[in-house]
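What follows is a set of notes on a single structure, which appears directly below.
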Amino acid sequence: LHLTSVVVTHDMRLAKKLADRVVFLHESRVLFFGSYPEMERCSEPIVQEFLELDQLDLGA
Numbered sequence: 001l002h003l004t005s006v007v008v009t010h011d012m013r014l015a016k017k018l019a020d021r022v023v024f025l026h027e028s029r030v031l032f033f034g035s036y037p038e039m040e041r042c043s044e045p046i047v048q049e050f051l052e053l054d055q056l057d058l059g060a
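Under the numbering used here, the sequence shown has 52 at position 52, and the numbering climbs by one with no breaks.
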């Protein structure tokens, strides 16, 4: 299937499982666009903080 979908979520497990590309928005600005593994290596502090908080939720 050649299918394009736009999914808006804060659930990083879902994004990691489903997305070929991820866009991270903050205050109406694109802070990151790329694959999930690339996002994990992103140097943008807000992106890293979000990912770290999500990891805390995964452990709950």
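C-beta atoms are modelled at their ideal positions from N, C-alpha and C, and glycine is treated no differently.
Item                                                                                                          : Value
Buried/exposed call for LEU22, threshold 16 Cβ in 10 Å                                                        : Looking at the sequence provided, one finds Val at residue 22 rather than Leu. Under this definition VAL22 is a buried residue.
PHE50 classed as buried or exposed, judged by whether at least 16 other C-beta atoms fall within 10 angstroms : buried
Proximity to ALA15 [Cα-Cα], best of LEU31, ARG29, MET39 and SER28                                             : MET39
DSSP three-state assignment for ARG13, whether helix, strand or coil                                          : helix
Cβ-based neighbour list, GLU44, same chain, cut-off 7 Å, excluding 5 preceding and 5 following                : LEU31 and PHE32
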